[in-house]
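Peer 1: Handing you this structure, nothing more for now.
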Amino acid sequence: AQSVAQPEDQVNVAEGNPLTVKCTYSVSGNPYLFWYVQYPNRGLQFLLKYITGDNLVKGSYGFEAEFNKSQTSFHLKKPSALVSDSALYFCAVRDGDTNAGKSTFGDGTTLTVKP
Amino acid sequence: KAGVTQTPRYLIKTRGQQVTLSCSPISGHRSVSWYQQTPGQGLQFLFEYFSETQRNKGNFPGRFSGRQFSNSRSEMNVSTLELGDSALYLCASSFGGTGNLAGIYEQYFGPGTRLTVT
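Protein chains in written order, with this note's numbering: chain A, 102 to 216; chain B, 922 to 1039.
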């Protein structure tokens, strides 16, 4: 079975400060990892993914994430937060070796960036 | 490219009725997945269709079913509705793939269908 944990329901940061949204995962095969963002009254949007290769991946809106195999983590980061980054963030995992079309999502982390 | 479209956007049904939701993926996308989103349970995977075949299934009862047509459009059906089925149902499309490529593509989500069961 595959699973994702986002240990923080809520993350609060001040504008201009760095932000981190945490994600840990569990799969039996090769992990394919994704971050999505859901803005208020808008649909889920893809931010970035890790499939293979460089552990640091860069995505939309200045976000990046680091894949850490030993810690089974894929934390989302941004060097300088904007108020407009306030949204609900979801981490998702697929098992690259079996049933790769099935995505398991974390419960989501609400990011609030205050001016 | 046009995005993922879902119809209807809002639906109110009574317990015991059945409902059919529709999803049109992005042109060229062959994989369509369905999710149930609720405040308490988050995003729960229902099933994935690829080239008209159900390729993956989540842990939902048999009342939840789906299908995919040759043009990749997909429908989801829920029979004998229960109050607990009230949720936002999201459809997501991706380019898809088979074998080692099956899961590498990101998903594009539609706006969802808000189903209320009374």
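Glycine included, every Cβ here is placed at the ideal spot set by N, Cα and C.
For residue 184 of chain A, does the three-state DSSP call read helix, strand or coil?
Peer 2: Here residue 184 of chain A sits in helix by DSSP.
Peer 1: Between which two residues does the beta strand (DSSP E) carrying residue 140 of chain A extend?
Peer 2: Taken as a continuous stretch (DSSP letters only), residue 140 of chain A belongs to no beta strand (DSSP E), as it is neither H nor E.
Peer 1: Do residue 138 of chain A and residue 182 of chain A have their beta-carbon atoms positioned less than 8 Å apart in this structure?
Peer 2: Contact: no.
Peer 1: Would you say residue 205 of chain A reaches chain B, if we count a Cβ-Cβ gap shorter than 8 Å as a contact?
Peer 2: Chain B, which has a Cβ nearer than 8 Å to the Cβ of residue 205 of chain A, makes this yes.
Peer 1: For residue 118 of chain A, which three-state DSSP category applies?
Peer 2: If DSSP states are grouped into helix, strand and coil, residue 118 of chain A belongs with coil.
Peer 1: How about residue 208 of chain A: is its C-beta nearer than 8 Å to some C-beta of chain E?
Peer 2: Among the chains of the structure shown, chain E does not appear; the protein chains present are A and B.
Peer 1: Where do the ends of the beta strand (DSSP E) carrying residue 971 of chain B lie?
Peer 2: Unbroken beta strand (DSSP E) run through residue 971 of chain B: 963 to 971.
Peer 1: By Cβ distance, which residues of its chain are closer than 7 Å to residue 938 of chain B, with the 5 residues on each side in sequence left out?
Peer 2: So the qualifying residues of the chain are 1002.
Peer 1: Examine chain B for any beta-carbon lying closer than 8 Å to the beta-carbon of residue 150 of chain A, and answer yes or no.
Peer 2: Yes, contact with chain B.
Peer 1: Express the C-alpha separation of residue 972 of chain B and residue 190 of chain A in angstroms, rounding to a whole number.
Peer 2: Going from the Cα of residue 190 of chain A to the Cα of residue 972 of chain B covers about 30 Å.
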